[in-house]
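What follows is a set of notes on a single structure, which appears directly below.
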Amino acid sequence: NQQPTTIFFEIEDTGPGIAPSEIDSLFKAFTQTETGRKSLEGTGLGLPISQQFVQLMGGTITVNSTLGKGTIFKFNIAINLAQASEIQTIQTPRQVIGLEPRQPDYRILVVDDRLESRLLLLRLLTSIGFCVREATNGQEAIDVWSSWEPHLIWMDMR
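Heads up, the numbering used here is the position in the sequence shown plus 43, with the first residue counted as 1.
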């Protein structure tokens, strides 16, 4: 029966910061800051979900921000240290290096408006043996789908 140990985390950025009037609404679902709305990214769910995870682990999360300087999020979680005898060894994960021989030519369509995201997926998927094509938007995806009929469409849902 050990006493729980607390682990503290701190995440700091040097971004635009958050206005004091918006701090109270940060952890409300589907609520975004003015900066978040302008960037057209996110759904307003990341921080509420993070807060719930932290609370489920017996911790708290706080935020301090200065406009024009950045934001600091701090959270802590309570843990019980495991005894060495309680830790089970796990088989080392294996790295995927390719498809099993004689597999069909699986066609994957990668749809993302961000070039770097498309290139990353193209490189990863083609390196293990998938046939991959790309599209930058929904209309291009429909055009590729109708002529190529991919087995899977990997799409950014923003």
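For every residue, glycine included, the Cβ atom is placed at its ideal position computed from N, Cα and C.
| Check | Outcome |
| --- | --- |
| Going by C-alpha distance, which of S170, I171 and L165 is nearest I196? | L165 |
| Just to confirm the assignment, what range does the alpha helix (DSSP H) spanning R150 have? | No alpha helix (DSSP H) contains R150, which is instead part of the beta strand (DSSP E) from R150 to V154. |
| How long is the line joining the alpha carbons of K112 and T86, rounded to whole angstroms? | 24 Å |
| Can you tell me whether L69 is buried or exposed? The criterion is at least 16 other CB atoms within 10 Å of its CB, across all chains shown. | buried |
| From which residue to which residue does the beta strand (DSSP E) around R176 run? | C174 to A178 |
| With distances taken Cα to Cα, identify the nearest neighbour of G89 among F116, L110, T109 and V139. | F116 |
| Is G102 near N119, with beta carbons less than 8 Å apart? | yes |
| Suppose contacts are defined by Cβ-Cβ distances below 8 Å. Is T109 in contact with G60 by that definition? | yes |
| Nearest-angstrom Cα distance between D209 and Q182? | Residue 209 is absent from the structure shown; the chain starts at 44 and stops at 201. |
| Say the cut is 7 Å; is the CB of E183 nearer than that to a heavy atom of the ligand HEM? | Looking for the ligand HEM in the displayed structure turns up nothing, as the structure carries no ligands at all. |
| Let's see if you can read the secondary structure: which residues bound the beta strand (DSSP E) around G113? | G113 to I122 |
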